[in-house]
Amino acid sequence: MSGRLEGRVALVTGASRGIGAAVARRLAAEGAEIVAIARTQGALEELDDQIRKAGGKPLVLVPEDLCKPGLIEQVAAAIFQRWARLDILVGNAGAIGGGLTPVAQHAPDDWEEAFAVNVTANWRLIRACDPLLRMAPAGRAVFTTADAARHAEPFWGAYAASKAALETMVRTWAAEIANVTSVKANLLDPGVVATRLRSIAFPGEDPAKLAQPDDVAGAFLDLCLPDCTRQGEIIRTSP
Numbered sequence: 002m003s004g005r006l007e008g009r010v011a012l013v014t015g016a017s018r019g020i021g022a023a024v025a026r027r028l029a030a031e032g033a034e035i036v037a038i039a040r041t042q043g044a045l046e047e048l049d050d051q052i053r054k055a056g057g058k059p060l061v062l063v064p065e066d067l068c069k070p071g072l073i074e075q076v077a078a079a080i081f082q083r084w085a086r087l088d089i090l091v092g093n094a095g096a097i098g099g100g101l102t103p104v105a106q107h108a109p110d111d112w113e114e115a116f117a118v119n120v121t122a123n124w125r126l127i128r129a130c131d132p133l134l135r136m137a138p139a140g141r142a143v144f145t146t147a148d149a150a151r152h153a154e155p156f157w158g159a160y161a162a163s164k165a166a167l168e169t170m171v172r173t174w175a176a177e178i179a180n181v182t183s184v185k186a187n188l189l190d191p192g193v194v195a196t197r198l199r200s201i202a203f204p205g206e207d208p209a210k211l212a213q214p215d216d217v218a219g220a221f222l223d224l225c226l227p228d229c230t231r232q233g234e235i236i237r238t239s240p
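In structure tokens form, the structure reads like this:
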């Protein structure tokens with residue numbers, strides 16, 4: 002299939018389900034070739050089947066933990082060897098840090114997981130992919146954030162603090178590259194969406210009453226297009 006992203010290469014993390022899978026489908030529908038990273042191989046294969054049946058290109062599947070030492074650097078090296086550039090980076094993988102918990106009662110492992118996934122893994126993505134994005138004619142990077150990063154709501158400590166760190170990191174990077182490259186980097190807050198992370202925080206909530214991942218995928222697409230001019234922004238969308 003052809004579209005606005007024909008010939009472009011996109012790396013999507015957290016791609017096996019929810020928003021990540023929806024974004025991968027939307028980018029593929031516009032002609033992009035997708036490198037999909039997530040821990041669940043079966044779900045990635047299902048996504049690949051969906052995209053192929055819709056006429057999209059076969060995915061490059063990376064069924065690994067994003068925090069595995071050296072993984073991101075290996076993926077970046079493989080992208081360089083195959084395409085010599087990266088057109089789109091979507092940093093969507095996220096962790097809530099064990100659920101809603103008072104700051105003083107967070108288990109250390111849960112706290113560290115939230116920062117490892119939400120901050121450090123995205124820093125490693127930026128570090129490894131910055132040169133590849135600069136090699137593209139219109140490199141675009143989008144990171145998933147949340148309203149919790151800007152509001153000190155009770156019990157959201159690990160998630161909120163790590164997302165706040167992510168926002169500051171991405172906006173700082175965007176400021177650094179704004180006048181010296183054609184790369185655009187932004188953050189997108191999709192609002193309340195029926196995802197696995199949401200179900201962990203609110204297990205009794207009816208997901209059918211919430212926005213669905215496919216409802217917000219278009220907002221990610223807009224920030225990935227070559228004609229996007231936004232830079233260093235936090236965009237909140239309401240489907």
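Residue numbers for the sequence shown follow the working numbering, beginning at 2 and rising by one.
For every residue, glycine included, the Cβ atom is placed at its ideal position computed from N, Cα and C.
Using the rule of at least 16 other Cβ atoms within 10 Å of the residue's Cβ for burial, across every protein chain shown, is residue i buried or exposed?
i, result
"H152", "exposed"
"D110", "exposed"
"N187", "buried"
"K164", "buried"
"V10", "buried"
"A78", "exposed"
"T230", "exposed"
"P132", "exposed"
"P191", "buried"
"E175", "What sits at residue 175 in the sequence shown is Ala, not Glu. Result: buried."
"G56", "exposed"
"T145", "buried"
"M2", "Interpretation of M2 is limited by its pLDDT of 46, a score under 50 that renders its predicted location unreliable; the figure taken from the coordinates is listed afterwards. Exposed, by the Cβ-count rule."
"R53", "exposed"
"G219", "exposed"
"V181", "exposed"
"T173", "exposed"
"T169", "exposed"
"A85", "exposed"
"R83", "exposed"
"A37", "buried"
Which first and last residues belong to the alpha helix (DSSP H) in which residue i is found?
i, result
"E177", "158 to 178"
"L60", "Careful: L60 lies outside any alpha helix (DSSP H) and carries neither H nor E."
"L211", "Unbroken run through L211: none, as it is neither H nor E."
"V24", "19 to 30"
"R53", "42 to 54"
"A195", "First-last for A195: undefined, no H or E at that position."
For the putative contact between residue i and residue j, defined by C-beta atoms under 8 Å, what is the C-beta separation to the nearest angstrom?
i, j, result
"A117", "C68", "5 Å"
"V194", "I20", "6 Å"
"L101", "W157", "6 Å"
"S17", "L48", "7 Å"
"A23", "D215", "5 Å"
"C130", "L198", "The pair is not a contact, with the Cβ atoms about 23 Å apart (cut-off 8 Å)."
"Q51", "R26", "6 Å"
"L167", "I236", "No, L167 and I236 are not in contact; Cβ-Cβ is about 14 Å, not under 8 Å."
"A150", "A161", "6 Å"
"E46", "L72", "At roughly 19 Å, the Cβ-Cβ gap does not stay under 8 Å, so E46 and L72 are not in contact."
"G15", "A44", "Not quite, the Cβ-Cβ distance comes to about 11 Å (not below 8 Å), so this is no contact."
May I ask which residues mark the beginning and end of the beta strand (DSSP E) holding residue i?
i, result
"P12", "Note that residue 12 corresponds to Leu in the displayed sequence, not to Pro. Segment 10 to 14, the beta strand (DSSP E) holding L12."
"R237", "235 to 237"
"D190", "185 to 190"
"A39", "34 to 39"
If we count Cβ pairs, one from each stretch, closer than 8 Å, do we get three or more for the stretch 219 to 235 versus the stretch 27 to 42? Counting Cβ pairs under 8 Å, three or more are found: they touch.
contact_flag[the stretch 78 to 95, the stretch 125 to 134] where n(CB pairs < 8 Å) is 3 or more: Yes, they touch.
Extract the residue ranges of the alpha helix (DSSP H) inside the stretch 63 to 104, only unbroken runs of 4 or more that lie entirely within it. Whole alpha helix (DSSP H) segments, 4+ residues: 72 to 84.
Can you list the beta strand (DSSP E) stretches of 3 or more residues lying completely in the stretch 101 to 159, in chain order? Qualifying beta strand (DSSP E) stretches, in chain order: 141 to 145.
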